[in-house]
Each structure stands twice: as structure tokens, then as C-alpha cells.
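Undergrad: Respectively, the protein sequence lines represent chains A and B.
If you're matching positions, the first sequence starts at 14 in our numbering and goes up one per residue.
If you're matching positions, the second sequence starts at 14 in our numbering and goes up one per residue.
Every residue, glycine too, gets a C-beta built ideally from N, C-alpha and C.
Fair warning: this is a prediction, and the values are worked out from it, not measured in the lab.
I am attaching a structure below and will ask some questions about it afterwards.
There are 2 protein chains.
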Amino acid sequence: MIREEARRRLEAAGLPPEDAATVADHFAACEARGKVGHGFSRLPWIESLELRTAGRPEKVASDGVVDRWHSRGALGYLVVRAIVDDLLARPPATARLVVAESCFPTGALGVWARELAEAGLLAVMTATSPRRLPSPAGGPPLTGTNPLAIAVPSSDGRPAVADVAMSAVTWGDVMAGRRRPEEVVPFGGEQAHKAFALAVGLELLVAALAGEDHGLVVLAAPPGHDPVPSFRALAEGIRLPGDA
Amino acid sequence: MIREEARRRLEAAGLPPEDAATVADHFAACEARGKVGHGFSRLPWIESLELRTAGRPEKVASDGVVDRWHSRGALGYLVVRAIVDDLLARPPATARLVVAESCFPTGALGVWARELAEAGLLAVMTATSPRRLPSPAGGPPLTGTNPLAIAVPSSDGRPAVADVAMSAVTWGDVMAGRRRPEEVVPFGGEQAHKAFALAVGLELLVAALAGEDHGLVVLAAPPGHDPVPSFRALAEGIRLPGDA
Chain A
14 MIREEARRRL EAAGLPPEDA ATVADHFAAC EARGKVGHGF SRLPWIESLE
64 LRTAGRPEKV ASDGVVDRWH SRGALGYLVV RAIVDDLLAR PPATARLVVA
114 ESCFPTGALG VWARELAEAG LLAVMTATSP RRLPSPAGGP PLTGTNPLAI
164 AVPSSDGRPA VADVAMSAVT WGDVMAGRRR PEEVVPFGGE QAHKAFALAV
214 GLELLVAALA GEDHGLVVLA APPGHDPVPS FRALAEGIRL PGDA
Chain B
14 MIREEARRRL EAAGLPPEDA ATVADHFAAC EARGKVGHGF SRLPWIESLE
64 LRTAGRPEKV ASDGVVDRWH SRGALGYLVV RAIVDDLLAR PPATARLVVA
114 ESCFPTGALG VWARELAEAG LLAVMTATSP RRLPSPAGGP PLTGTNPLAI
164 AVPSSDGRPA VADVAMSAVT WGDVMAGRRR PEEVVPFGGE QAHKAFALAV
214 GLELLVAALA GEDHGLVVLA APPGHDPVPS FRALAEGIRL PGDA
């Protein structure tokens, strides 16, 4: 599939042309970064949703420290796009926390965070999603796969981008038929309690800021230092997170 | 060992009485939470350091969004104590990012984050330390064990506190003789690339904000919601991170 076909199908599913282009662009960017579980394979699922196409993401409050957004029913991708655009248009002087309420699905956070880092902003992002991860000790699913993305700008033009979901396999891989639902457990094997603890911490962090519906939290700041080039030199050719 | 003996030995090592009490209190709090690798077992190592006992942590800049601190040579525990005290005395209206430069060792971040959460503040903390973790693909040590602590207040008085180091075993356990140094690798077994990615992301996040020396980053915010009680109910008796 190519971006253009995805765009056409998203329009046919009811998205306005500009929104269809935004979502198709994110799918294409995910494919280009190898994050295929967040790419075109998501299209049949999006097509199956009852899209509330009239809702527009809205910045509902801002005090110079925290920006609060609400999806107003818009697809999560469109909320993240609006937030990233707003951060690029009005970058924080020292730092800004952005909280988006009722925001799902958000796609590959590392792809959005990379865009901020390529524009010179340090970015930390996390988001919640349907509860799928149980405790390693058993019991019901308690948390989403809850990715944490950290993107750090670099003067050499190659940001470092870590983007880690707390699950052993991604839900996207399940949707694409590459993995089974029962493999969606906290990663780490014998030490899965660590990934579970991170998943719970991120779940409750987002819920404490954004409420009980799925949410997104972004911290953006201009870096005061440029640690990536010397870190790459220290790593001596070892592949770093987010590198191709 | 008891707190009082630790306090006496820290004074004998050159710390002023108030500072010795602060460090001994942190050791005792770590022991009480089962984080023995950050407890009294650290004392011989502290005694072996050349302590710069005259340095006092200093808040060097504040713009209402980001507070910047420098240790001025003070032991990291004393910097974190000063930052936590400052956040408790002047809590953020919506959020505050705190960056501490040249800050090491910081102890068990979950213990400090819990103190903030017990006072009603959502707290996220991370810190860097000597490079000990290599990539799962090999090569030199590239990152510290780089814990991430997330503490979320609860109206039932029992905050949720996740505190996860990215290493399979802690350096504290190595110092205490319970583990071998070569076991200090990213956790996760076959998926250790995930913990390594998080360790690299946190390493570069802290370095981008605090510079090349070890640093500490804290995000504190009053929560707008109270998700912990309903989450505990959903978990149906499953032990949550940070619970005794």
C-alpha cells in the first residue's frame, strides 16, 4: 500500500481531506521508520471505527506551563498533529507540559517525538490505550501497552529517539496477525515486573493528569546541552535506539 | 545497623550534623521500603569518598516553569532533599520541571517521589550515574542504571509508586556483595534492547537538560484526577508497584 491509497481510503471512511492526509502521512512515516505495526496495517481498523469527523482538537487551557487539550471527539492522530504543530509554532522558552484528554489512538509516539527533536526540542511523550497488560502475577488486564518515547535533538542532525512500549509484543502486531493476543504481556521475561511497574506508573500518571479516558502527555523543552554526538562517539558504531 | 549508628558514622566521615541526619534518614527510609541496596549498605562507600562538606545545593535559576539547581559539590542526597523541601514549601500551581546539575548519588528515587506524592504532588524523577550498562549488542558501558520513578497521589492515602532501574541487578546489590558486576546489564533478557533504549533515552534526556556530569530531573504537578483507588479496585488484590 502507498500513502496515496491510504489517504483515499481514509477519505472514503469519512475523514475530511486534510485529516485523511494527516493520518496517511503518519502511517507513511511509521512505515519509513520500520514501525509497521503503526503503519498501513492500521487502516482496516480505522475503517471499522465510527469516526466523529466533525470534532476538532481544542486547546482548552494554557497558563504558560501546562497546555491542556481535548480531542472533542477527533481521532487521536489529529490531536497529536495539532499539539506538535502548536509546539513547533510556539516553542517553549524553557519547558512546557502538554496534557491531552480523550485522545486515542496516538500512533507511534517516537515518530511524533522525532519531529519535535528534528526541530530542536527535547520531547518526552507517553499515552494510554485500552487495558491489555495484566500483572506478571496474573489477574485482569490493568494497563495499556503505554509507550514512553524520548527524543533528544543533536547538532549533527541525527536525534536519538527511544520509543518503548511496555508490552512484549505490540497490539499493532496482533492486529496485523503477526502475534497472538496472549503474547501482549509486560516485556522482560523473569523481570517482567519491571515493565509492569513502568506500565502502571505511566497509566496512573496519564490518568492523574488527563482523566479516566485515554490520554496523552508531552513534555517539551529546548535542550541546554548537546550530548548526542559525544554519546554516538562513545558508542563506537553500536546501534542506538531509533537509528535505522 | 540502625539509623543512629549511620548518622554517627556519617558525621565521623566529615558531614555536618544536619547533613549526616539527612543521609541517615534516607538510608533508613530505603531500608523500611525494602530498598536495601540504597540503605545502610551504602555507608562504607560514602565513608570512602572525599566529601566536599562545605558545598551547599543552590537554586541557580527559576522562571516559574523550570527550576535549575547546582550541587555546588554537596552530596547528591542533600541536593534531592533540598529540592523536595522546596517543592513541598512552594508547590507548583500546575507543573514544575526541576533540573539539578552535578548531582550524585541520589539514592532511591522512589523514596523521594513517594514523599512528594504523600504531600499530594504527582512526581516523575530520573537521574544518571556512572556508565555501567552496555548495549545488549556489546561494546563499552554507555549509560547509568538510570532509574525512572513515578509516584501518583491517592485520596486513600496510599500513593502508587513505580521505581524501576534499567539494569537487571542494581549497583547497590553489587556493592553489598549480593551480585556480580557483570550482571549489571539492561533488564529484559531477550528484550533487553527495550530497557537499553529507555536507559539511553533517560541518559540523554538528563544530559541535554543538566549537562555532562551526573544529573537529576524532576517533574512535579498537582494531579487533576484521582485514579489510584479505582485502579486498586480493578487490580483485585494484585500487588501494585511500590506496595509493601
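Could you give the distance in angstroms between the alpha-carbon of Leu23 of chain B and the alpha-carbon of Val36 of chain A?
TA: On the second sequence, residue 23 of chain B is found 10 positions in, with the first residue counted as 1. On the first sequence, residue 36 of chain A is found 23 positions in, with the first residue counted as 1. The straight-line gap from Cα to Cα measures roughly 59 Å.
Undergrad: Would you mind reading off the limits of the alpha helix (DSSP H) that contains Met188 of chain B?
TA: Position 175 of the second sequence, counting from 1, holds the residue named residue 188 of chain B. First-last of the alpha helix (DSSP H) with Met188 of chain B: 184-188.
Undergrad: Would Ile251 of chain A count as contacting chain B if we go by Cβ distances under 7 Å?
TA: As a working note, residue 251 of chain A is residue 238 in the first sequence. Cβ-Cβ to chain B under 7 Å: yes for Ile251 of chain A.
Undergrad: Using three-state DSSP, classify Lys207 of chain B as helix, strand or coil.
TA: Indexing the second sequence from 1 puts residue 207 of chain B at position 194. Note: Lys207 of chain B maps to helix in three-state DSSP.
Undergrad: Once the 5 residues before and after Ala42 of chain A are set aside, which same chain residues still bring their CB inside 7 Å of it?
TA: Within the first sequence, the letter at position 29 stands for residue 42 of chain A. Excluding residues within five positions, the ones whose Cβ falls inside 7 Å are Val124.
Undergrad: State the beta-bridge partners of His83 of chain A as determined by DSSP.
TA: For the purposes of this step, residue 83 of chain A is identified with residue 70 of the first sequence, where counting begins at 1. Bridge partners of His83 of chain A: A:Glu71, A:Glu114.
Undergrad: If I'm right that Ala25 of chain A touches Ala136 of chain A with Cβ under 8 Å, what's the distance once you round it to whole angstroms?
TA: The sequence position of residue 25 of chain A within the first sequence is 12, counting from 1. The sequence position of residue 136 of chain A within the first sequence is 123, counting from 1. Rounded, the Cβ-Cβ distance is 33 Å, inconsistent with contact.
Undergrad: So, for Arg171 of chain B: in the same chain, excluding its five sequence neighbours on each side, which residues have a beta-carbon less than 8 Å away from its beta-carbon?
TA: By one-based count along the second sequence, residue 171 of chain B stands at place 158. If we look at Arg171 of chain B and ignore the five residues flanking it on each side, its Cβ neighbours are Val241, Arg245, Asp256.
Undergrad: Can you pull out the residues from the region 191-203 of chain A whose beta carbon lies closer than 9 Å to at least one beta carbon of chain B?
TA: Phe200, Gly201, Gly202, Glu203
Undergrad: Do you know offhand how far Trp58 of chain B's Cα is from Ile251 of chain A's?
TA: Taking the second sequence and counting its residues from 1, one reaches residue 58 of chain B at position 45. Taking the first sequence and counting its residues from 1, one reaches residue 251 of chain A at position 238. Roughly 32 Å separates the two Cα atoms.
Undergrad: Taking the beta strand (DSSP E) that Leu300 of chain A falls in, what are its first and last residues?
TA: Since the first residue of chain A shown is 14 and the last is 257, residue 300 of chain A is not available in this structure.
Undergrad: Can you name the start and end residues of the alpha helix (DSSP H) that Ser243 of chain B belongs to?
TA: Taking the second sequence and counting its residues from 1, one reaches residue 243 of chain B at position 230. Segment 241-248, the alpha helix (DSSP H) holding Ser243 of chain B.
Undergrad: For His238 of chain B, which residues in chain A fall below 8 Å Cβ to Cβ?
TA: Here residue 238 of chain B corresponds to residue number 225 of the second sequence, with the count starting at 1. Neighbours of His238 of chain B on chain A, chain order: Ala220, Ala221, Leu222, Ala223, Gly224, Glu225.
Undergrad: Can you confirm whether Ser75 of chain B, when its beta carbon is compared against all beta carbons of chain A, has any partner nearer than 7 Å?
TA: In the second sequence, residue 75 of chain B corresponds to position 62, counting from 1. Closer than 7 Å: no.
Undergrad: What does Pro254 of chain B touch in chain A if you count any residue whose Cβ is under 7 Å from its own?
TA: Working through the second sequence from its first residue, we reach residue 254 of chain B at position 241. Per Cβ cutoff of 7 Å: Ala210, Val213, Gly214.
Undergrad: Taking 7 Å as the CB-CB cut-off, is Ala150 of chain A touching chain E?
TA: No chain E appears in the structure shown, which is made up of the protein chains A and B.
Undergrad: DSSP on Asp169 of chain A, reduced to helix/strand/coil?
TA: Within the first sequence, residue 169 of chain A is the residue found at index 156, counting from 1. DSSP places Asp169 of chain A in coil when its eight states are reduced to three.
Undergrad: Check whether the Cβ atoms of Thr158 of chain A and Met179 of chain A sit closer than 7 Å, and answer yes or no.
TA: On the first sequence, position 145 is the one that residue 158 of chain A refers to. On the first sequence, position 166 is the one that residue 179 of chain A refers to. Cβ distance < 7 Å, so Thr158 of chain A and Met179 of chain A count as in contact.
Undergrad: Spatial neighbours of Phe40 of chain B within its chain, please: C-beta separation below 6 Å, excluding the five flanking residues on both sides.
TA: For the purposes of this step, residue 40 of chain B is identified with residue 27 of the second sequence, where counting begins at 1. These residues qualify, in order along the chain: Ala19, Gly52, Phe53.
Undergrad: Taking 7 Å as the threshold (C-beta atoms), are Ala164 of chain A and Ala126 of chain A in contact?
TA: Position 113 of the first sequence, counted from the start, is the residue given in the question as residue 126 of chain A. Position 151 of the first sequence, counted from the start, is the residue given in the question as residue 164 of chain A. Cβ atoms of Ala126 of chain A and Ala164 of chain A: closer than 7 Å.
Undergrad: Mind reading off the beta-carbon distance from Gln204 of chain B to Gly201 of chain A? Whole number of angstroms is fine, and I expect it under 8 Å.
TA: One-based indexing of the second sequence puts residue 204 of chain B at position 191. One-based indexing of the first sequence puts residue 201 of chain A at position 188. Confirmed, about 6 Å.
Undergrad: Determine the direct distance from the alpha carbon of Leu56 of chain A to that of Ala102 of chain B, and round the result to whole angstroms.
TA: As a position in the second sequence, residue 102 of chain B is number 89, starting the count at 1. As a position in the first sequence, residue 56 of chain A is number 43, starting the count at 1. Distance from the CA of Ala102 of chain B to the CA of Leu56 of chain A, rounded to the nearest whole angstrom, comes to 50 Å.
Undergrad: Cβ atoms of Gly50 of chain A and Thr141 of chain A: under 7 Å apart, would you say?
TA: For the purposes of this step, residue 141 of chain A is taken as residue 128 along the first sequence, with counting starting at 1. For the purposes of this step, residue 50 of chain A is taken as residue 37 along the first sequence, with counting starting at 1. Not closer than 7 Å, so no.
Undergrad: Considering only residues of the same chain and omitting the five flanking positions on each side of Arg69 of chain A, which have a CB-CB separation below 7 Å?
TA: Your numbering for residue 69 of chain A matches position 56 in the first sequence. The residues are Arg85, Ala87.
Undergrad: Tell whether a beta-carbon distance below 7 Å holds between Thr119 of chain B and Gly89 of chain B.
TA: On the second sequence, position 106 is the one that residue 119 of chain B refers to. On the second sequence, position 76 is the one that residue 89 of chain B refers to. Against a cut-off of 7 Å, the Cβ pair of Gly89 of chain B and Thr119 of chain B comes out as a contact.
Undergrad: For chain A, is any of its Cβ atoms less than 7 Å away from the one on Lys207 of chain B?
TA: Locating residue 207 of chain B in the second sequence gives position 194, counting from the first residue. Taking Cβ atoms only, chain A reaches closer than 7 Å to Lys207 of chain B, which makes this a yes.
Undergrad: Can you tell me whether DSSP reads Asp163 of chain A as helix, strand or coil?
TA: By 1-based counting over the first sequence, the position of residue 163 of chain A is 150. Residue identity differs from the one stated: residue 163 of chain A is Ile in this sequence, not Asp. In this structure, Ile163 of chain A counts as strand in the three-state DSSP scheme.
Undergrad: Measure how close the beta-carbons of Ser168 of chain B and Asp226 of chain B come, nearest whole angstrom, since I'm counting them as under 8 Å.
TA: Position 155 of the second sequence, counting from 1, holds the residue named residue 168 of chain B. Position 213 of the second sequence, counting from 1, holds the residue named residue 226 of chain B. A Cβ-Cβ distance of about 39 Å is found for the pair Ser168 of chain B and Asp226 of chain B, leaving them out of contact under the 8 Å criterion.
Undergrad: Do Leu122 of chain B and Ala162 of chain B count as a contact pair if the criterion is CB distance below 7 Å?
TA: Looking up residue 162 of chain B in the second sequence gives position 149. Looking up residue 122 of chain B in the second sequence gives position 109. Yes, the pair counts as a contact, with Cβ atoms nearer than the cut-off.
Undergrad: Let me know if Ala81 of chain A comes out buried or exposed under the rule of 16 or more other beta-carbons within 10 Å of its beta-carbon.
TA: As a first step, residue 81 of chain A must be located in the first sequence, where it is residue number 68. At residue 81 of chain A the sequence reads Arg, which differs from the Ala that was named. Burial call: buried.
Undergrad: On a CA-only basis, which of A:Val92, A:Val78, A:Pro149, A:Glu114 is nearest Pro105 of chain A? Give me that one, please.
TA: By 1-based counting over the first sequence, the position of residue 105 of chain A is 92. Among A:Val92, A:Val78, A:Pro149, A:Glu114, the Cα nearest to that of Pro105 of chain A belongs to A:Val78.
Undergrad: Using a Cβ-Cβ cutoff of less than 7 Å, which residues in the same chain neighbour Ala130 of chain B once the five nearest sequence positions on both sides are dropped?
TA: Looking up residue 130 of chain B in the second sequence gives position 117. Only Ala136, Ala164, Val165, Pro166, Pro172, Val174 meet the Cβ criterion.
Undergrad: Residues in the same chain with beta-carbon distance under 7 Å from Glu60 of chain B, minus the five sequence neighbours each way, listed in chain order, please.
TA: Working through the second sequence from its first residue, we reach residue 60 of chain B at position 47. Correct list, in chain order: Arg22, Ala26.
Undergrad: Distance cutoff 7 Å, beta carbons only. Does Arg78 of chain A sit that close to anything in chain B?
TA: Start at 1 with the first residue of the first sequence, and residue 78 of chain A comes out as number 65. Correcting the residue identity first, residue 78 of chain A is Val in this sequence and not Arg. Taking Cβ atoms only, chain B reaches closer than 7 Å to Val78 of chain A, which makes this a yes.
Undergrad: Per DSSP, which one or two residues make a beta bridge with Pro199 of chain A?
TA: Taking the first residue of the first sequence as position 1, residue 199 of chain A is located at position 186. Per DSSP, A:Ser180.
Undergrad: Rounded to the nearest angstrom, how far is the Cβ of Val230 of chain B from that of Val219 of chain B, given a contact under 8 Å?
TA: For the purposes of this step, residue 230 of chain B is taken as the residue at position 217 of the second sequence. For the purposes of this step, residue 219 of chain B is taken as the residue at position 206 of the second sequence. That belief holds up - the Cβ atoms of Val230 of chain B and Val219 of chain B are roughly 5 Å apart, short of 8 Å.
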